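Step one of this worksheet: look at the structure below.
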Amino acid sequence: MKKLTVNVNRGYDILIEKGLIARAGELVSGVLSGRKLALISDTNVYPIYGDGVKASLEAQGYTVFEYIFQAGEASKKPSSVIDMLEFMADKGFSRNDGIVALGGGVCGDMAGFAAAIFLRGIDFVQIPTTLLSQVDSSVGGKTGVDLPQGKNLCGAFHQPRLVIIDPNVLDSLSEHFFADGMGEVIKYGCIKSSELFERLEKENPKDFIEDLIFQCVDIKRQVVENDEKEHGERALLNFGHTCGHAIEKLWNFQTVSHGEAVGIGMVMISRAGEQAGITQPGTADRIAALLKKYNMKTADTHKTEDIINAMGADKKRTGTALKFVLLNSIGSSFIKPVAMEDISKLFGENQ
Ligand code: GLY
112 MKKLTVNVNR GYDILIEKGL IARAGELVSG VLSGRKLALI SDTNVYPIYG DGVKASLEAQ
172 GYTVFEYIFQ AGEASKKPSS VIDMLEFMAD KGFSRNDGIV ALGGGVCGDM AGFAAAIFLR
232 GIDFVQIPTT LLSQVDSSVG GKTGVDLPQG KNLCGAFHQP RLVIIDPNVL DSLSEHFFAD
292 GMGEVIKYGC IKSSELFERL EKENPKDFIE DLIFQCVDIK RQVVENDEKE HGERALLNFG
352 HTCGHAIEKL WNFQTVSHGE AVGIGMVMIS RAGEQAGITQ PGTADRIAAL LKKYNMKTAD
412 THKTEDIINA MGADKKRTGT ALKFVLLNSI GSSFIKPVAM EDISKLFGEN Q
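Residue numbering for the sequence shown follows our numbering, beginning at 112 and increasing consecutively.
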């Protein structure tokens, strides 16, 4: 088993091994001391893994209440979390009781947010079931929901007690969902590891999936340890996300997946960086070629002007500027605040 420990205020382990989901109960019992658990999952994931995980938790003596919501980003709204809170209150949950999030990013973000605010904070464990959630959203304690004005605008930092990653569960993902996660995987190569990027160019990630997840999570672990609440370095993880979130918003969080939108965003900002003489020439083409290898989009059909306008509500806005992540070259990134009135200039002449 591969193990990483995130050394933040309340440190926790990330365990990675094929087949690990079968040991969920035993692993959860090492970190959650209460007797009641809410097993939060969605209508896609619960039918595949729910009964097995529930039985394994019950075998450890937990009383498990399953809460299953409609799969999809449209569920990621405040009313869903309020419903979860009322569900746990109805079942008489106390501060000792906990939540197990079994699903992808939407599930982990919402269940984590419910854990952050129920009785002012209870413990939770993440069992991510998509590549995107395994390499990114299950680690680092960002939890929350979307608002009509933008993605993830309502949330809290609340670290899990444990993250259980079983790469075998990715076998039940469609190619589309696998590619969605590859957007974030490529991001790690872009911002921190040219070796990872080159390996992705040469090899098939499914041939080294356990190692791949480990490398991505290890990069995220280091960044989160240095800057848990995103006052500085953690914003590097948002490479491609400012444009990406704007694109997702323009598509009403449908049609273009998060990973695809981030992929397009990485190409967009790197072309802008090249045009501005900041990013090594050829970088955007290399990223686009790698995205194409995974059948991902490399450009959006909206006008650049519309994408820029949709960036206004982004969380990365600080007063009158937006914080963009730019590359010097593959593997080397930095944060550049750009005044709102200069954003068109950054993208304008080259799109
Ligand atoms: N997904 C970006 C972060 O966790 O900071």
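All C-beta atoms, glycine included, are put in the ideal place defined by N, C-alpha and C.
All figures in this text were calculated on a predicted structure; none of them were measured in a lab.
- Message: Quick check on the DSSP output: the beta strand (DSSP E) that includes L433 runs from which residue to which?
- Response: Its beta strand (DSSP E) spans residues 432 to 440.
- Query: Is E177 helix, strand or coil by DSSP?
  - Reply: strand
- Task: With a cut-off of 8 Å on the beta carbons, I'd call I441 and R382 a contact; round off their distance for me.
- Result: Between R382 and I441 the Cβ distance is about 14 Å, and since that is not below 8 Å, they are no contact.
- Message: Let me confirm a value: Q237 is counted as buried when at least 16 other C-beta atoms fall within 10 Å, else exposed. Which label applies?
- Response: Q237 comes out buried.
- Task: Report yes if the CB atom of Q245 is closer than 8 Å to the CB atom of I210, and no otherwise.
- Result: no
- Query: Would you report the Cα separation of F176 and L148, rounded to the nearest angstrom?
  - Reply: 6 Å
- Could you tell me whether the Cβ atoms of G250 and V274 are closer together than 8 Å? Rather than Gly, the amino acid found at residue 250 in this sequence is Val. In this structure, V274 lies closer than 8 Å to V250 by Cβ.
- the ligand ADP heavy atom lying under 7 Å from the CB of G251: In the structure shown, the ligand ADP is absent; the only ligands present are the ligand GLY.
- N263: first and last residue of the uninterrupted beta strand (DSSP E) it sits in: 261 to 268
- Item | D291 classed as buried or exposed, judged by whether at least 16 other C-beta atoms fall within 10 angstroms | buried
- Just to confirm, does D247 get its C-beta within under 7 Å of one of the non-hydrogen atoms of the ligand GLY? yes
- Query: Is L258 helix, strand or coil by DSSP?
  - Reply: strand
- Item | DSSP state of P448 mapped onto helix, strand, coil | strand
- Mind checking whether M451 and A432 have CB atoms under 8 Å apart? In terms of Cβ geometry, M451 and A432 form a close pair [threshold 8 Å].
- Does the Cβ of A133 have 16 or more other Cβ atoms within 10 Å, making it buried, or fewer, making it exposed? Here A133 is exposed, its C-beta having fewer than 16 other C-beta atoms within 10 Å.
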